[in-house]
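Working notes for the structure below.
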Amino acid sequence: MDLSLWQYQFRIIMLGDSTVGKSSLLKRYTEDAFLENINQTVGVDFYVHFLEVEPGVRIKLQFWDTAGQERFRSVTRSYYRNSVGGLLVFDVTNRASFDHVKDWHDEVCERVVPHRVMFTLLGHKSDCDADDHSERVISREEAEKLASRMGMPYVEASAKTGNNVQEAFDVLSRRIYDGLLSGEVELREGWDGVKCTTPQGLNAQREGAAGQPQTADGTKRKKKCCG
173 MDLSLWQYQF RIIMLGDSTV GKSSLLKRYT EDAFLENINQ TVGVDFYVHF LEVEPGVRIK
233 LQFWDTAGQE RFRSVTRSYY RNSVGGLLVF DVTNRASFDH VKDWHDEVCE RVVPHRVMFT
293 LLGHKSDCDA DDHSERVISR EEAEKLASRM GMPYVEASAK TGNNVQEAFD VLSRRIYDGL
353 LSGEVELREG WDGVKCTTPQ GLNAQREGAA GQPQTADGTK RKKKCCG
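Residue numbering for the sequence shown follows the numbering used here, beginning at 173 and increasing consecutively.
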């Protein structure tokens with residue numbers, strides 16, 4: 173793949189408490205590498221990855237890896253508005269990180285209006301089931317219920333083993349792409365959440381799509397700014 177060629181650019185922000193493993197997940201996804209000891213993020217770090225979401229459609233993914241510590245929140249909040257996607261990460265062995273997921277979600281939603289942000293919930297360190305030194309405290313069922321209430325998919329992954337890491341990022345990227353085609357996500361002047369090199373091509377793709385999804389009673393689903 174020629175990395176200089178892409179049709180769309182998505183900005184995605186990594187969200188979650190400190191030490192849940194956001195940086196490790198990004199390193200595994202972008203470099204297929206894992207470090208036992210990785211420095212904590214100070215402020216915001218930046219990663220890039222290219223994805224062919226379907227034949228002939230290449231997406232440049234820009235990731236903003238935010239620090240989870242409270243003292244950096246004023247810095248990280250400035251990146252919310254220009255993001256189209258959010259990966260909400262918690263540690264399945266850490267109850268507090270799970271309890272804070274909704275706080276992270278709500279904080280982003282308050283700051284992105286009128287833009288649309290797509291989320292995926294990720295339960296990290298799923299390898300704890302095979303680790304004698306760690307104990308899972310958040311069950312898959314409990315996490316899936318939270319994801320369902322917030323209207324987003326749930327994926328469990330492990331940066332250490334690599335299990336499901338690519339799936340988690342691909343699920344989020346695909347949600348954004350589908351939202352773009354359906355019109356849920358819109359290109360807006362002055363907003364960097366999504367960039368498109370050929371707006372005419374996007375219009376052609378939208379014309380070929382089914383349009384907005386419908387509810388059970390056949391009415392159009394209303395847009396919302398987070399989900």
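Backbone N, C-alpha and C define an ideal beta-carbon position, used for all residues, glycine too.
Note that the coordinates shown come from a computational prediction; the quantities given were computed from them, not determined experimentally.
How would you write the range of the alpha helix (DSSP H) that Ile348 sits in, first residue to last? Position 176 of the sequence shown, counted from the first residue, corresponds to residue 348. Ile348 -> alpha helix (DSSP H) spans 337 to 354.
Taking DSSP as the reference, what is the three-state secondary structure of Glu307? Within the sequence shown, the letter at position 135 stands for residue 307. Coil, per DSSP.
From which residue to which residue does the beta strand (DSSP E) around Arg183 run? As a position in the sequence shown, residue 183 is number 11, starting the count at 1. Its beta strand (DSSP E) spans residues 180 to 187.
Local conformation of Tyr326 per DSSP, three classes: Within the sequence shown, residue 326 is the residue found at index 154, counting from 1. Correct three-state label for Tyr326: strand.
Give me the Cα-Cα distance between Lys394 and Glu224, rounded to the nearest whole angstrom. Taking the first residue of the sequence shown as position 1, residue 394 is located at position 222. Taking the first residue of the sequence shown as position 1, residue 224 is located at position 52. Note that Lys394 has pLDDT 49, beneath the 50 cutoff, so the model's placement of it is unreliable and the number below is only indicative. Cα to Cα, the separation comes out at about 29 Å.
Assign Thr238 to buried or exposed, taking buried as 16 or more other Cβ atoms, counted over all protein chains shown, within 10 Å of its Cβ. On the sequence shown, residue 238 is found 66 positions in, with the first residue counted as 1. Result: buried.
Let me know if Asp189 comes out buried or exposed under the rule of 16 or more other beta-carbons within 10 Å of its beta-carbon. Taking the first residue of the sequence shown as 1, we reach residue 189 at position 17. Buried, because 16 or more other Cβ atoms sit within 10 Å of the Cβ of Asp189.
Return the first residue and the last residue of the alpha helix (DSSP H) that Trp236 is part of. The sequence position of residue 236 within the sequence shown is 64, counting from 1. First-last for Trp236: 229 to 238, but that is the beta strand (DSSP E), not the alpha helix (DSSP H).
Rounded to whole angstroms, what is the Cα-Cα separation between Leu233 and Cys368? Residue mapping note: residue 233 aligns to position 61 of the sequence shown, counting from 1. Residue mapping note: residue 368 aligns to position 196 of the sequence shown, counting from 1. Each residue's alpha carbon lies about 12 Å from the other.
Could you pull the DSSP bridge partners for Phe257 from this structure? Taking the first residue of the sequence shown as position 1, residue 257 is located at position 85. Reading the sequence as shown, one finds Gly at residue 257 and not Phe. DSSP lists Ile184, Met290 as partners of Gly257.
Between Thr191 and the rest of its own chain, which residues show a CB-CB distance below 6 Å, the 5 nearest in sequence each way excluded? On the sequence shown, residue 191 is found 19 positions in, with the first residue counted as 1. Here the set comprises nothing.
Residues near Gly365 in its chain [Cβ-Cβ closer than 7 Å; skip 5 each side]: Sequence index remark: in the sequence shown, residue 365 carries index 193 (1-based). Only Arg183, Asn254, Ser255, Val256, His287 meet the Cβ criterion.
If I measure Cβ to Cβ from Gly390 and keep anything under 6 Å in the same chain, skipping five residues before and after, which residues do I get? Counted from its first residue, the sequence shown places residue 390 at position 218. Note on Gly390: pLDDT 40, under 50, position unreliable in the model; the coordinate value appears next. None.
Leu318 burial status per 10 Å Cβ neighbour count (16 or more: buried): Mapped onto the sequence shown, residue 318 falls at position 146. Buried, since its Cβ has 16 or more Cβ neighbours within 10 Å.
Quick one: Cα of Asp204 to Cα of His221, how far? Working through the sequence shown from its first residue, we reach residue 204 at position 32. Working through the sequence shown from its first residue, we reach residue 221 at position 49. Roughly 11 Å between the two C-alpha positions.
Between Thr238 and chain B, is any beta-carbon pair separated by less than 9 Å? The structure shown contains no chain B; it is built from a single protein chain.
Could you say which of Arg249, Tyr180, Leu198, Gln179 lies nearest to Gly334 if we only look at CA atoms? Within the sequence shown, residue 334 is the residue found at index 162, counting from 1. Comparing Cα-Cα distances from Gly334 to each of Arg249, Tyr180, Leu198, Gln179, the minimum goes to Leu198.
Would you call the CB atoms of Val273 and Leu259 closer than 9 Å? Sequence index remark: in the sequence shown, residue 273 carries index 101 (1-based). Sequence index remark: in the sequence shown, residue 259 carries index 87 (1-based). No, these two residues do not count as a Cβ contact at 9 Å.
DSSP three-state label for Leu223, please. Here residue 223 refers to the residue found at position 51 when the sequence shown is read from its first residue. Leu223: strand per DSSP, three-state reduction.
Could you say which of Cys281, Glu279, Lys297 lies nearest to Gly193 if we only look at CA atoms? Taking the first residue of the sequence shown as 1, we reach residue 193 at position 21. Looking at the Cα atoms, Lys297 is the closest of the given residues.
Residue closest to Ile231, alpha-carbon to alpha-carbon, out of Asn266, His277, Gly399, Arg347: Taking the first residue of the sequence shown as 1, we reach residue 231 at position 59. Closest option to Ile231, Cα to Cα, is Arg347.
Helix, strand or coil, according to DSSP, for Val264 in the structure here? Position 92 of the sequence shown holds residue 264. Coil at Val264, not helix or strand.
Beta-carbon within less than 7 Å of Leu294's beta-carbon, same chain only, minus the 5 sequence neighbours each way: which residues are those? Start at 1 with the first residue of the sequence shown, and residue 294 comes out as number 122. Excluding sequence neighbours, Leu294 sits near Leu259, Leu260, Val261, Val327, Ala329, Ala340.
For Gly351, count neighbouring Cβ atoms within 10 angstroms of its own Cβ and tell me buried if that reaches 16, exposed if not. Working through the sequence shown from its first residue, we reach residue 351 at position 179. So Gly351 counts as buried.
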